[in-house]
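Before any comments, here is the structure.
In our numbering, the protein residues as written are 569 to 865.
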């Protein structure tokens, strides 16, 4: 049998590449995967986390020093060490109030996803709905949350529904707009290819417009999830039996500024954790976009 050769430059060998051999023989060659060095993901994560951690530590140090030097009353501005100590002592109460806030946040955010996806798909399929709904959606965001929450509590009471409604009203807009813009960013050549193969509007949506919208969707998701926590706190602050919002109000009335700030820290940690979770979901659903974004850096 005659040996297959190629005109490769000197130093690169005379045998054909794996792709050429596969094309000529019809037999798939083993794929050689270039693996990332061990520890590379951990190193990349540390590089991303290090700057904000350093900034937070420096700010806490300045805060601690300023309180101790000026001698300001702890009821006005407690030192970070006092806030951490008070939070640790009241950790059971903080935990018992964090769980209801997390629960209502996830439910309200899930409802907002259903609303956002439904509106975005309807707007994408109907130019009439696009012209009619988009101005109303924009106008709905001019109403401040602090004005919506009391009205919703008055209308629907202190149960789960009013808090879920407040969160949904706060968070559905970024999801809707992100999806609509993602649908509009679909590649024209890919759309023309699907049309040339006899694809209808639904197939065009599933194979072209929907995949192109996923990166924009996850960007909107990260914005909305932080709004969801804020909406839950506002709804609980106005009226609730349990939750970080009502807990902050109770401690404020008791002049426990340290516990109010401890609740704020817990709220921030909760928001950051949910924010990071969206990155994990993005990597699981659209890993190609995450890798392309990393290569572009």
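A virtual CB, placed ideally from N, CA and C, is assigned to each residue, including glycine.
Being a predicted model, the structure only gives us computed values, none of them experimental.
Counting the other Cβ atoms within 10 Å of the Cβ of residue 855 gives fewer than 16, which makes it exposed.
In chain order, 828 place their CB closer than 6 angstroms to the CB of residue 820, counting only its own chain and leaving out the 5 sequence neighbours on each side.
For residue 765, no alpha helix (DSSP H) segment is defined, and its DSSP state is neither H nor E. If you look at residue 694, you'll find it isn't in any alpha helix (DSSP H); DSSP assigns it neither H nor E.
Taking the Cα of residue 736 as reference, the smallest distance to any Cα among 726, 629, 717 is reached at 717.
No residue range can be given for residue 777, since it is assigned to no alpha helix (DSSP H) and is classified by DSSP as neither H nor E.
Going by C-alpha positions, residue 742 is about 8 angstroms away from residue 789.
Where residue 817 is concerned, the enclosing alpha helix (DSSP H) starts and stops at 812-821. Looking at 765, 747, 806, the one whose alpha-carbon comes closest to that of residue 778 is 747. Residue 799 is positioned such that its CB atom lies no closer than 9 angstroms to that of residue 668. The count of Cβ pairs closer than 8 angstroms, one atom from the stretch 678-689 and one from the stretch 710-725, stays below three, leaving the stretches out of contact. Residue 845 is a Cβ neighbour of residue 793, given a cutoff of 9 angstroms. If one requires a minimum length of 4 residues, the alpha helix (DSSP H) runs lying completely within the stretch 654-725 are 659-693, 695-708, 713-724, in chain order.
Between residue 838 and the set 672, 684, 806, 797, the nearest pair of CA atoms involves 797. Taking a cut-off of 8 angstroms on C-beta distances, the stretch 761-781 does not touch the stretch 703-713, as fewer than three cross pairs fall below it. Taken through DSSP and simplified to helix, strand or coil, residue 641 comes out as coil. Counting along the chain, residue 826 sits inside the alpha helix (DSSP H) bounded by residues 825-853.
Residue state for residue 799 is assigned as helix, using DSSP reduced to three classes. If you look at residue 746, you'll find it in the alpha helix (DSSP H) that goes 728-752.
DSSP, read as helix, strand or coil, puts residue 783 in helix. Between residue 647 and residue 635, the C-beta spacing is below 9 angstroms.
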